[in-house]
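Number of protein chains: 8
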Amino acid sequence: MRRERVRELLDQVASGSLDVTRALAALSFEPAESLGFATIDHHRALRNGYPEVVYGAGKTPEQICAIASHIAEHGDGVLVTRLPAGAAERLAVALPSIEINDVARTAFLAGADRSPRGLGTVAVVTAGTSDLPVAEEAAVTLGALGDCVSRISDVGVAGIHRVLGKRDELLSASVVIVVAGMDGALPSVIGGLVRAPVIAVPTSVGYGASFGGLAALLTMLNSCAAGVTVVNIDNGFGAAVAASRITHRDA
Amino acid sequence: MRRERVRELLDQVASGSLDVTRALAALSFEPAESLGFATIDHHRALRNGYPEVVYGAGKTPEQICAIASHIAEHGDGVLVTRLPAGAAERLAVALPSIEINDVARTAFLAGADRSPRGLGTVAVVTAGTSDLPVAEEAAVTLGALGDCVSRISDVGVAGIHRVLGKRDELLSASVVIVVAGMDGALPSVIGGLVRAPVIAVPTSVGYGASFGGLAALLTMLNSCAAGVTVVNIDNGFGAAVAASRITHRDA
Amino acid sequence: MRRERVRELLDQVASGSLDVTRALAALSFEPAESLGFATIDHHRALRNGYPEVVYGAGKTPEQICAIASHIAEHGDGVLVTRLPAGAAERLAVALPSIEINDVARTAFLAGADRSPRGLGTVAVVTAGTSDLPVAEEAAVTLGALGDCVSRISDVGVAGIHRVLGKRDELLSASVVIVVAGMDGALPSVIGGLVRAPVIAVPTSVGYGASFGGLAALLTMLNSCAAGVTVVNIDNGFGAAVAASRITHRDA
Amino acid sequence: MRRERVRELLDQVASGSLDVTRALAALSFEPAESLGFATIDHHRALRNGYPEVVYGAGKTPEQICAIASHIAEHGDGVLVTRLPAGAAERLAVALPSIEINDVARTAFLAGADRSPRGLGTVAVVTAGTSDLPVAEEAAVTLGALGDCVSRISDVGVAGIHRVLGKRDELLSASVVIVVAGMDGALPSVIGGLVRAPVIAVPTSVGYGASFGGLAALLTMLNSCAAGVTVVNIDNGFGAAVAASRITHRDA
Amino acid sequence: MRRERVRELLDQVASGSLDVTRALAALSFEPAESLGFATIDHHRALRNGYPEVVYGAGKTPEQICAIASHIAEHGDGVLVTRLPAGAAERLAVALPSIEINDVARTAFLAGADRSPRGLGTVAVVTAGTSDLPVAEEAAVTLGALGDCVSRISDVGVAGIHRVLGKRDELLSASVVIVVAGMDGALPSVIGGLVRAPVIAVPTSVGYGASFGGLAALLTMLNSCAAGVTVVNIDNGFGAAVAASRITHRDA
Amino acid sequence: MRRERVRELLDQVASGSLDVTRALAALSFEPAESLGFATIDHHRALRNGYPEVVYGAGKTPEQICAIASHIAEHGDGVLVTRLPAGAAERLAVALPSIEINDVARTAFLAGADRSPRGLGTVAVVTAGTSDLPVAEEAAVTLGALGDCVSRISDVGVAGIHRVLGKRDELLSASVVIVVAGMDGALPSVIGGLVRAPVIAVPTSVGYGASFGGLAALLTMLNSCAAGVTVVNIDNGFGAAVAASRITHRDA
Amino acid sequence: MRRERVRELLDQVASGSLDVTRALAALSFEPAESLGFATIDHHRALRNGYPEVVYGAGKTPEQICAIASHIAEHGDGVLVTRLPAGAAERLAVALPSIEINDVARTAFLAGADRSPRGLGTVAVVTAGTSDLPVAEEAAVTLGALGDCVSRISDVGVAGIHRVLGKRDELLSASVVIVVAGMDGALPSVIGGLVRAPVIAVPTSVGYGASFGGLAALLTMLNSCAAGVTVVNIDNGFGAAVAASRITHRDA
Amino acid sequence: MRRERVRELLDQVASGSLDVTRALAALSFEPAESLGFATIDHHRALRNGYPEVVYGAGKTPEQICAIASHIAEHGDGVLVTRLPAGAAERLAVALPSIEINDVARTAFLAGADRSPRGLGTVAVVTAGTSDLPVAEEAAVTLGALGDCVSRISDVGVAGIHRVLGKRDELLSASVVIVVAGMDGALPSVIGGLVRAPVIAVPTSVGYGASFGGLAALLTMLNSCAAGVTVVNIDNGFGAAVAASRITHRDA
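Heads up: the protein sequence lines correspond to chains A, B, C, D, E, F, G and H, in order.
Residues 1 to 251, numbered by the numbering used here, are exactly what the first sequence covers, in order.
Residues 1001 to 1251, numbered by the numbering used here, are exactly what the second sequence covers, in order.
Residues 2001 to 2251, numbered by the numbering used here, are exactly what the third sequence covers, in order.
Residues 3001 to 3251, numbered by the numbering used here, are exactly what the fourth sequence covers, in order.
Residues 4001 to 4251, numbered by the numbering used here, are exactly what the fifth sequence covers, in order.
Residues 5001 to 5251, numbered by the numbering used here, are exactly what the sixth sequence covers, in order.
Residues 6001 to 6251, numbered by the numbering used here, are exactly what the seventh sequence covers, in order.
Residues 7001 to 7251, numbered by the numbering used here, are exactly what the eighth sequence covers, in order.
Shown next as structure tokens:
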């Protein structure tokens, strides 16, 4: 309840236009909806032209198709992540203009209003080709949120010349998302090369003592490059939203 | 090696002013120092007026004092984090103008050049009073890096009205650093209240199944608010540098 | 063996209508009851009208159907949880009046005697729609145990207004079961809103660093709201029995 | 701020004895209560006669003494848990009527208003004598919250006759708190003996593969007795508050 | 190399019948096979009438059938554990007198010589019916090793009267193998009831925080009943061999 | 309640010497103490001449001295394990005939009745000298329980000749207790050398990835020698009791 | 790009047969080699005759076949590891001279240039037959890298005579790779037998508390034999490359 | 016992100057050497001029001093690692020529015979200055084993130019030991720069999610540079012995 509304209530009580009991009830039961601020639900992007986001894992192709169609009918955009098997085909039939990305396992349909454009370019960097699905999920999400994306692929630190060769591209990015599995060492190197915000995404790429991405996650949390931040394993979507929070800071 | 330098070498070879053997050697042994870009070392901030950062843990008061004095003599600023017992007293004697923060366990001496000012204000939020040392480390670091800080304390989610009462302050921040131990739930709530970048710092506050901050860390990595990023347990310094990378984006 | 049956046996012995040897055999055949106190076996509810509970995981549809039919023949109620694939169809044929719940993966057939009614209403709250199967297992179990259920769904903390909007419903509940995966933060917020007992159920919803529900489990064990208790990951059944122990306190 | 106080304020505004600005300030000064619902902060008990709770760990004896004295001056009760070394002596001097419990490491001073009495008796059961400090923290907390306590000690399952010999006492309890370290097996046995709510508290008693109480915690979460709920390792305070939520259900 | 053999060598050197160089070589290269003691290979039982043991996991039905047939041709007995799907049918055709146990997933063919008989009876106890496959693996192995087996099933501690009702049977056993998943609490109770050796076998029965049997394993390692020993999760075979080492002590 | 007692009760009911109500009460409330069987409490040995066992960890020297003196006054034996600092001196004064073992950190005073003698000899083997304290705790306990002990020290597998050189001694043991930290590999080798029961005791000796004995514990649970059983980390006492259960099988 | 190719380019520029722009493009097209030092990419072997390495996991048979054919067309060798189902057949058709190893799940096609020969022989030792696939991956990789391999199989420590019987073969090896699952104890024994470098490879062979190879990994890291080094679980390829780095030291 | 000593004994027996019984006793007194192969005990280096190694952790200064003096009296060399507090001073008095290294926490006294010289130079590289104690332990051990050492310090990957600037030094090393804590990323970069064997040593440097070096350990085991091997956390000694096994390959 905003301060003004409380003052208004008190004024009404003072003027006798509101009795104490009803004022008490109003103060006690101010519902959430009157709070009047934007909320960002899980896996759902920001208001004003941003698409609705549907997390596809655990949903049937039928459910996803129904949800996406329902949103599209209202002229809103929709982004589906973690498309389960069979969903792409069904969506392509139902919504012919939807853009399917097989690597990212996403489907995106722009709404009537487009997302506000983010400042600058977000670089999405991968250590190895196996990290591409997570990186593409980030890239597609960024596109849906109105960000420009620059992809830099397969520049893992075991061939350090590869990432050094991309220095210019890295230095020109507003935000750098670094996607890496196995040893997860790439964000430490890039964090030392650039001054822009670096968001590290560990992936579950690897075997044995990678423990499903835990090794890369711990590496990144302990990065010797100060100011690297980390999101959940395989969470390309989350990294993109985090980047978009930065590039849309003034939007 | 930059493309221009390679072209130059090739031109010299083409013109005969450089023989093949020496050109080959030059291509093979291009040293690092010619790379010419800024690097951010661990626990050391950015160039141009930024202070040197000394990680105090594991160093003796004597060592810290010697290092800090050495830096100060050159007119540079210095920030010491994780001050060990006894270091504060010794530093205060050696460098009377150094600012000691007992809660943050930091010492800061500004340099002749001040850090460039960051855009906006960084809110540093704590769930409980036990989280204050980590939050103060972040706040002191932000100050040293040229950022304005807004402190919001003791607004843990078990009394949800507390954080809601700080909504305006949160909404006006450029970046929000959320420091929380125990259940680590606060970043999820704040991530849903604001659109600015949210950096979550788990703390080792708690006992038993908090496992030294692991519980809060996992909570934050799994935040249901999209786009929350995470740093290491108790890493107030890192969160501050990450925020500063955002607020100094165009610096 | 119920106390009445033991008394009956003893009466028969006293009256000479039953000889000692046969009485001894009858008592021995049911050694549990001869100890004279109530026992609650694993995944099996309380005596006197409560249904038998069959844990379906790891059993074949044939086995489940045979067990359920056997129980039903004696006029007793039966609740099957964690129905394996194919079991629902087979049960529906064999016991036409059995109630199948596809989301909860349960089957329930009320017995001739109904469970004693619990005091008040148990609120079953979920953070996200993916938590519904676990919540429904709790809700169906509560119904089978004689409790009234109030469902509050999809009120995760990233949109804090959602749970605040349900405050009245929460405040009127006798017990609140809170089901949440990912960051598991919801019980901390609800534990601060209500004074009734709060039972938190972590779910395996999530990926990466959720580690199969471990993240949510640890969050809940470290809840900053005092007096929140926790059951095993995905254990909707156990939460319901715990709630029923409270609502049937005087039964 | 209690509902009565808000009504009082409103009455004053209605009668003109308080102007709107000062009423607004009063309401704003206590934003929590203006939301109109009870809040339970971490380690702080319920309203209306309940004591304030101070978590002593990490605080100096001086700080604890200052906080407790401050509360006592207002006539409120105060419960300090996890007293650090030296705090007991200092508190005893400052507040002569405070009750120190060396085993529980608690200090309790009743307020002018006593906590409302809980229904029935809460049994606090320990598996071994090493579990007593955690059990006593629970018992002292229960007393401070207005609950009657029945202590049953050293009835670990390796001597199963011990717990069976306490069956009557267990059966007469409203709630049973079971405190056990090492194998943590006792709640499973008691959960099968009684129909009342059972709250299990794992302790860090043990060594080696007890991993600081993790073994007991996992045992309890996997209890084969349905409806046992669990709190954090060594969290006697939390178990007591959970029990009190049950016994004060209608308060 | 045995002391007598060394003395013999030295005698030969002293008498000149062996030169120094060859004596040195003999001392240096005493091969393993001359060691002359029994070895117990992994998943393979003791010599002298004991069957060969084949660990079926990871082998094809064809491989298992070929190995078993090869052993049988020499008149030796063979025990196959962890039979993969399809192996039972194939073995039954190839070796009609082989005994298949579907629950234990074992196949056993006695050899021409039978295993020496163990002393007394080994009780194999299960907490729940889901633990039966592991218990049966133990029971079949014991039979193959010449031990008498007494099965006690479904006596988990949540219904403590069940295990107490089997006290006589337990007290008469030479060794007690206790098989339990979930909370793994049964060995602690039985370890307090009997003075015979107790071998605890954790099973992977359970879900969520049972972590594939880890919870039960830790419980058993921390048993409050002194002198309980533990084998690997689901290792019914190993428990049986351990019991057989005890009952064949003098064999 | 034993079958004979039930029959007796029924006979009394049949003969009219006991009325139904009292018979019902007797059946319902058969107390534990009437069970009449031996119990083995935690860290406390068997009845009949066995000493009482006091677990010293967490007790003050004063407490230990008081307990031990109390037991000694009744002519009973007492074994104190994990003696805290200062307890040995105090015990030596109070009970001059008590045997202090500084390595094992134990104190033992034989009772008027001696423990019955166990069959054969128990070999206590260590991999390295750092494992001696745990081994000595086992050896002292065995002595107190009436077992003969053979010590074999410092025969870790990195010098495989060392354990091979002790083969005869190992083969003559009734039970072999193998104490090893670091890689915990010794029980696998010894389990292959002998046919007697092998009890493996992991120790917390090591650093880094030994994780306080976890590495050795896992090694032993996965021993490739069949029939090796394991106790908790550093639990020399438990291994000794387990061995004593074997050697006193017929006692 | 090999050093010879760079020299060739430079020669062409010097002689005027290649202009600077095209030379620059050629160098730029392969930025890695332009830095002039050898790089070892992940799962890719050394320069000069070494085969390209393709990590097959997660690739389709079609993709693998296309990549391998592409490499083969240039006359280069190719080694594919972790062949997915169906890839072997397809490769055999496309590249008839490729060598498929079903146990190792590898395919190898030698290039026109053979790898330089390594010094001495690398022994590849397994503890059990289940470890063979990992050992064969190492052996095939060694062959592809130009090393001689000596295989020693099924010499686990539970039958210690087996490894002792292979002492001569072990002592003659330049490097010893030891592959073991379950308890992972073999490297400790072999590390004590030989003075050559010992590389330990834990495997995921086992169940229960082997935790997918974690137990063997920890054992090896804690080896009581000094100077044993370790690679990732199941990483036969990595062990082979490590060995080859030693045997090609002067190459 | 060295081969020469055995030959000497045999010669004496052959010549009659030693009788068989005494020769047998001599051989039995040193059973290890009679097996005729070299053994490397834990934390003890190779024969023939190599020093004895004493692991100082857990030993008193008195014990260490006695052991070292005893060894020195025989003219043998001795290396003490992990010197406890106070041991250095005492050793310096007792053995004035012993070399104390305060950073490495080692003491080394060369023997009459020096260790055979290893081939080439071993580079010991650290990521940060906090890793120096572990690196120095490696360097001192290498010196004691006869290896030349090249130290490269503080070249962590966050300032990638630092390690690139040391490329020549790295390329000229026979073996590279890389010591790194926190993110442990340095071995991946170096493994891609050099073709020599790379031995990675994780350190416990770091806090929070470094979990005592676990993060760095996992990073290194998952290195994207093929052929990097790993030793235990903080195990500088082990890395040195592993390197020495390589450089003394032909010794």
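Yeah, the Cβ is synthetic: ideal placement off N, Cα and C, and Gly gets one too.
Given the structure is predicted, the values throughout are model-derived calculations rather than measurements.
Annotated three-state conformation of residue 3203 of chain D is coil, per DSSP.
At least one CB of chain B lies nearer than 8 Å to the CB of residue 7209 of chain H.
Residue 151 of chain A is bridged by DSSP to A:124.
Residue contact check for residue 6153 of chain G against chain F: no CB pair falls below 8 Å. Residue 4237 of chain E: member of the alpha helix (DSSP H) spanning 4236 to 4247, first to last residue.
Residue ranges of uninterrupted beta strand (DSSP E) with 3 or more members, entirely inside the region 4063 to 4116 of chain E and ordered along the chain, are 4078 to 4081, 4099 to 4101, 4106 to 4109. For residue 6229 of chain G, no alpha helix (DSSP H) segment is defined; the enclosing uninterrupted segment is the beta strand (DSSP E) at 6228 to 6230.
Cβ-Cβ distances below 6 Å link residue 237 of chain A to 81, 137, 141 in the same chain, with the five nearest sequence neighbours on each side left out; the list follows chain order.
From the beta-carbon of residue 10 of chain A, the residues of chain D found nearer than 7 Å are 3013, 3020, 3023, 3024. C-alpha of residue 58 of chain A to C-alpha of residue 2099 of chain C: approximately 24 Å in a straight line.
Pairing residue 6108 of chain G with residue 6187 of chain G, the inter-Cα distance amounts to about 28 Å. Between residue 3215 of chain D and residue 4219 of chain E, the C-beta gap is smaller than 8 Å, which places the two residues in contact. Near chain G, meaning a CB-to-CB distance below 8 Å, the residues of the region 4217 to 4236 of chain E are 4217, 4232, 4233, 4234, 4235.
Listed along chain H are 7207, 7208, each with a C-beta nearer than 9 Å to that of residue 1204 of chain B. Under the DSSP assignment, residue 4173 of chain E falls outside any beta strand (DSSP E); it carries neither an H nor an E label. Under the Cβ distance rule, residue 197 of chain A counts among the residues neighbouring chain B, one pair being separated by less than 8 Å. Taking the CA atoms as reference points, residue 3095 of chain D sits about 11 Å from residue 3078 of chain D.
Within the region 2122 to 2142 of chain C, contact with chain A at the beta-carbon level (separation under 8 Å) is assigned to 2128, 2130. The region 3160 to 3175 of chain D and the region 4169 to 4184 of chain E do not touch, with fewer than 3 CB-CB distances between them shorter than 8 Å.
The beta-carbon separation of residue 5115 of chain F and residue 5050 of chain F, rounded to 5 Å, stays under the 8 Å limit for a contact. Residue contact with chain A for residue 1249 of chain B: present (Cβ-Cβ distance below 8 Å to some residue of chain A). About 5 Å separates the beta carbons of residue 4209 of chain E and residue 2232 of chain C, which is inside the 8 Å limit, making them a contact pair. Contact of residue 3054 of chain D with chain C is not assigned, every C-beta pair being separated by 8 Å or more.
Neighbours of residue 2213 of chain C in chain E, taken as residues whose beta carbon is under 7 Å from its own, are 4208 in chain order.
Buried is the label assigned to residue 3204 of chain D, since at least 16 other Cβ atoms lie within 10 Å of its Cβ.
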